[in-house]
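Residue numbers (our numbering): 10 to 127.
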């Protein structure tokens, strides 16, 4: 009886060590994937913000009014037929796009360099 219990315990331990579970990603893996998708959406939003700003400047709009609005950024999301693969991705995109700094203010050059590097 003791030998049967020991064999059963060893078998269970072996199954657990071999990943006998459901193959479901761990909490940390899910969190890391979520954060990566939010970052990617924000990076894309920065690039789109720069594109909108450059287009406005090329159209002769004054620099003080050239930064994209939330409505313009929401429209860019919709026009590109993006899908929100993770909760908050749309907000990350729109927030990053709409917060692109006004030309000439502190942080604008760094934001341009970052958006071009992404």
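From the three backbone atoms N, C-alpha and C, an ideal C-beta is built for every residue, glycine too.
For residue j and residue i, the rounded distance between their alpha carbons
i	j	result
residue 55	residue 38	26 Å
residue 91	residue 108	19 Å
residue 64	residue 119	19 Å
Exposure label - residue i; buried when at least 16 CB within 10 Å
i	result
residue 75	buried
residue 44	exposed
residue 85	buried
Residues near residue i by beta carbon distance below 7 Å, same chain, minus five either side
i	result
residue 125	none
residue 131	For residue 131 there is no data in the structure shown, the boundaries of the chain being 10 and 127.
residue 115	none
Simplified DSSP assignment, three categories, for residue i
i	result
residue 95	coil
residue 116	coil
residue 90	coil
residue 104	helix
residue 122	helix
residue 50	helix
Cβ-based neighbour list, residue i, same chain, cut-off 8 Å, excluding 5 preceding and 5 following
i	result
residue 117	110, 111
residue 51	101, 102, 104, 105
Distance cut-off 7 Å: residue i Cβ against heavy atoms of the ligand NAD
i	result
residue 95	The ligand content of the structure shown is nil, which means the ligand NAD is not present either.
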